[in-house]
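The structure appears right after this line, and notes come after that.
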Amino acid sequence: MEKIILGLPKGSLNNVNRGNTYQLFVDAGYEVRGYEPGKEENEITILNDPEIKGFLTRPQSAPVELNRQILDIAIIGEDWAREESVNVEGKLIRKVGDLDYGQTRLIVAVPNEDPYESLSDFFRANKDRKTPILCFTEYPNLTRQFFMENESYRELFGESKPLVQVRGLWDGDNEMVQIINSDGATEVYIAKGADLIVDNTQTGSSLRKAGLKILETIMESSAGLYAGPSCTQEKAEKAKIIFEQLFGAINARRYFDVKFNIANQRVDDVKDFLLSNEYCSDEPTVVVGSSFSQVNVLIPKNKFPEMLKGIKSFGASAIVRENVKQYVQ
């Protein structure tokens with residue numbers, strides 16, 4: 159088949175302390191070169207899958223590249239996928255599946271000392287001001303949509319669109335509410351005189367450090383595998399396979415692989431115990447020996463302590479617990 163073109167995220171989604179997409183691919187069984195965190199190259203090679211061609215891409219740019227058919231698939235956050243799709247008729251970008259990492263929230267924030275409790279409070283309190291309301295954000299489309307859906311905004315401004323400035327491009331007819339594109343470090347714009355910001359946050363620590371509080375949450379986001387309009391037929395099937403391998407590695411992180419020995423006369427008791435408490439994925443694997451049998455189970459990590467206590471009460475020995483690299487259901 160023609161190679162499927164994959165966009166791999168630059169930045170926080172390939173940070174060892176947050177997403178580490180590189181390690182996800184390794185855990186999923188891919189041999190990756192040119193994508194090690196901090197050593198990323200523009201072109202990325204998947205050594206053991208010649209049907210994939212990888213390129214490094216900024217999360218903000220990946221949705222555009224998907225829509226323009228420069229990429230077939232890409233790993234991006236849902237926030238960026240929706241930011242690019244707000245003004246697009248129909249759904250050019252589609253989610254192949256959620257990968258359940260890189261969680262973040264897109265929020266509206268103001269200074270801690272501001273008396274507002276909501277965005278509606280903010281608009282009502284500023285209805286008589288003579289100077290424009292200034293909001294800085296990397297998400298001008300989602301921000302404008304969210305403002306225009308706000309009850310107080312509609313009461314004050316009706317269907318008029320906040321003025322959006324992306325560098326030299328201006329759009330919108332409501333000059334009293336202006337949304338200005340930022341290129342990162344958005345929280346600092348409050349100190350420079352902005353009225354509010356819209357930004358993504360994981361823990362809220364950078365907001366607290368900047369003396370800001372959250373007024374509203376626009377959306378919650380996590381990383382996913384997304385496909386563009388060029389991902390059809392064989393490429394679409396390949397995208398599903400890639401997702402299943404990646405999600406298998408994500409899913410595996412929730413489980414332990416546990417092996418232990420048990421006297422043969424206690425095997426049925428232990429099996430009943432494991433099954434009745436759902437301490438295994440399907441059913442235990444039992445390898446029978448002359449006096450002892452080895453039992454193998456795949457167990458959710460949060461159930462391991464109670465399972466351990468239970469099997470020891472049956473006389474289990476030689477208990478070995480290992481991490482799981484991949485679990486495809």
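Numbering (this note's numbering), first residue to last: 159 to 487. Note that the Cβ used here is the ideal one computed from N, Cα and C, for glycine as well.
Spatial neighbours of residue i in its chain, beta-carbon cut-off 6 Å, leaving aside the 5 residues before and after
{"i": "Glu480", "result": "Asp415"}
{"i": "Arg176", "result": "Ser170"}
{"i": "Asn419", "result": "Phe450, Gln452, Ser475, Ala476"}
{"i": "Ala352", "result": "Leu292, Phe294"}
{"i": "Glu160", "result": "none"}
{"i": "Ile234", "result": "Pro217, Ala220, Tyr384"}
{"i": "Phe304", "result": "Ile376"}
{"i": "Arg536", "result": "Because the chain in this structure spans residues 159 to 487, residue 536 falls outside the shown range and cannot be described."}
{"i": "Ala407", "result": "Leu182, Asp185, Ala186, Gln484"}
{"i": "Ala397", "result": "Ile231, Val254, Ala385, Cys389"}
Run of the beta strand (DSSP E) containing residue i, from where it starts to where it stops
{"i": "Leu205", "result": "Note, Leu205: premise wrong, no beta strand (DSSP E); not H, not E."}
{"i": "Pro221", "result": "Careful: Pro221 lies outside any beta strand (DSSP E), inside the alpha helix (DSSP H) at 220–225."}
{"i": "Pro167", "result": "162–167"}
{"i": "Phe213", "result": "210–215"}
{"i": "Val444", "result": "443–446"}
Bridge partner(s) assigned by DSSP for residue i
{"i": "Val455", "result": "Val416"}
{"i": "Asp357", "result": "Ile265"}
{"i": "Thr179", "result": "In the DSSP output, where bridge partners are listed per residue, Thr179 has none listed."}
{"i": "Tyr384", "result": "Ala232, Lys253"}
{"i": "Phe280", "result": "Paired residues: none, contrary to the question."}
Distance cut-off 7 Å: residue i Cβ against heavy atoms of the ligand GTP
{"i": "Asp207", "result": "Although the ligand GTP was asked about, the structure shown includes no ligands whatsoever."}
Assigned secondary structure, residue i (DSSP; H/G/I helix, E/B strand, else coil)
{"i": "Val425", "result": "helix"}
{"i": "Val190", "result": "strand"}
{"i": "Asp105", "result": "Since the first residue of the chain shown is 159 and the last is 487, residue 105 is not available in this structure."}
{"i": "Leu370", "result": "strand"}
{"i": "Ser471", "result": "helix"}
{"i": "Val184", "result": "helix"}
{"i": "Met465", "result": "helix"}
{"i": "Asn481", "result": "strand"}
{"i": "Ser243", "result": "helix"}
{"i": "Ser439", "result": "coil"}
{"i": "Ser170", "result": "helix"}
{"i": "Ser434", "result": "helix"}
{"i": "Ser379", "result": "strand"}
Other residues of its chain near residue i: CB distance less than 7 Å, five sequence neighbours each side excluded
{"i": "Ser278", "result": "Asn308, Glu309, Ser310"}
{"i": "Val455", "result": "Val416, Leu432, Tyr437, Cys438, Pro442"}
{"i": "Gly255", "result": "Gly382, Leu383, Phe401, Phe405"}
{"i": "Gly386", "result": "Leu224, Asn225, Gln227, Leu229, Asp230, Leu250, Ile251"}
{"i": "Leu205", "result": "Glu189, Arg191"}
{"i": "Ser388", "result": "Gln227, Asp230"}
Residue interval of the alpha helix (DSSP H) (run including residue i)
{"i": "Gly196", "result": "Careful: Gly196 lies outside any alpha helix (DSSP H) and carries neither H nor E."}
{"i": "Lys285", "result": "Segment: none, Lys285 is in no alpha helix (DSSP H) and carries neither H nor E."}
{"i": "Gly406", "result": "392–410"}
Own chain, CB closer than 8 Å to residue i, minus 5 neighbours either side, in chain order
{"i": "Glu275", "result": "Leu373"}
{"i": "Asn270", "result": "Gly369, Leu370, Lys371"}
{"i": "Asp237", "result": "Thr262, Leu264, Tyr297, Leu300, Asn358, Met377, Ser379"}
Task: Completely contained alpha helix (DSSP H) runs for the segment 288–353, where each covers 4 or more residues - done: 298–306, 309–315, 346–349
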